[in-house]
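Student:
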Amino acid sequence: MQLAFITLAATGSNSGISALGINLWAFVSQLISFLIVLYILGKWLLPIVQRMLAKRQDLIREGIENAERAKQDLIEAGKNADQIIHEARRQAQETIERATRNAEQVAQQIEKEARDRAEKIAQQYEARIQQEANRARMELSRAVVNLSIDAAGKVINRSIDSKDNRRLVEEFVTASDKSRNN
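The sequence shown runs contiguously to residue 182 in the numbering used here.
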């Protein structure tokens, strides 16, 4: 029907489109060719281009989302790093405090052991001194007994059995030592 209308318009007068110098048949054929090309492009090429644009849009969207995730991960990693550093400092402080307490305890233990050892040594020396003093007293007592026997023997001018005399003098010295200690 359109073709009939175009033919009727072309057979009319030389006025209208012909007057402008446009060939109606050439125009119509070019218009039909353009519409066919437009239909082919719309049918096959446009979906391909739209798919490519959609893929490109998805790729760009994915890149933006990845960038946002990376930004969030970086912020979170920064927070985690701060927490890790804070925790490490806290643990280091606790370790230092524990080491200080342990060192103080060890120093106190060493000091206590040194005091105990010094006290033990002092007690040992005191016991030794006491033993030496007792031994010296005994020797002195024996010497006094011997001197007393010798003196008594010279005074009496006779010889006394030294065993009996010694026994008597030792009993006397022991009795006098006991009375001095009480």
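Heads up, the beta-carbon is just placed ideally off N, CA and C, and yes, glycines get one too.
Identify the continuous alpha helix (DSSP H) that holds A26 and give its terminal residues.
Tutor: In the sequence shown, residue 26 corresponds to position 26, counting from 1. Start and end: 24-40.
Student: What's the call for V106, buried or exposed, on a 16-neighbour Cβ count within 10 Å?
Tutor: Along the sequence shown, one-based indexing puts residue 106 at 106. Burial call: exposed.
Student: Within 8 Å, do at least three Cβ pairs link the stretch 131-145 to the stretch 168-177?
Tutor: Touching, per the Cβ criterion.
Student: Would I36 pass as a contact of F27 if the rule is Cβ separation under 9 Å?
Tutor: Numbered from its first residue, the sequence shown carries residue 36 at position 36. Numbered from its first residue, the sequence shown carries residue 27 at position 27. Against a cut-off of 9 Å, the Cβ pair of F27 and I36 comes out as no contact.
Student: What's the gap between the Cα of L41 and the Cα of Q30?
Tutor: If you number the sequence shown from 1, residue 41 lands on position 41. If you number the sequence shown from 1, residue 30 lands on position 30. Looking at the two C-alpha atoms, the distance is approximately 16 Å.
Student: Can you list, in chain order, the residues of its chain whose CB lies under 7 Å from that of K163, leaving out five sequence neighbours each side?
Tutor: Taking the first residue of the sequence shown as position 1, residue 163 is located at position 163. Here the set comprises nothing.
Student: Can you find the residues in the same chain that come closer than 7 Å, C-beta to C-beta, to S13, ignoring five residues on each side of it along the sequence?
Tutor: Position 13 of the sequence shown, counting from 1, holds the residue named residue 13. The predicted model places S13 with a pLDDT of 49, which falls under 50 and marks its position as unreliable; any figure quoted below should be read in that light. Cβ within range, chain order: n/a, list empty.
Student: With DSSP run on the structure shown, which of helix, strand or coil describes I48?
Tutor: In the sequence shown, the residue the question calls residue 48 occupies position 48. The answer is helix: DSSP assigns I48 an H, G or I state.
Student: Which class does I17 belong to by DSSP, given the choice of helix, strand or coil?
Tutor: Taking the sequence shown and counting its residues from 1, the one referred to as residue 17 is at position 17. DSSP places I17 in coil when its eight states are reduced to three.
Student: For F5, which residues of its own chain have a beta-carbon under 6 Å away from its beta-carbon, when the five flanking residues on both sides are left out?
Tutor: What you label residue 5 is simply residue 5 of the sequence shown in a count that begins at 1. In this prediction, F5 scores a pLDDT of 48, lower than 50, which makes its location untrustworthy; no coordinate-derived value is stated.
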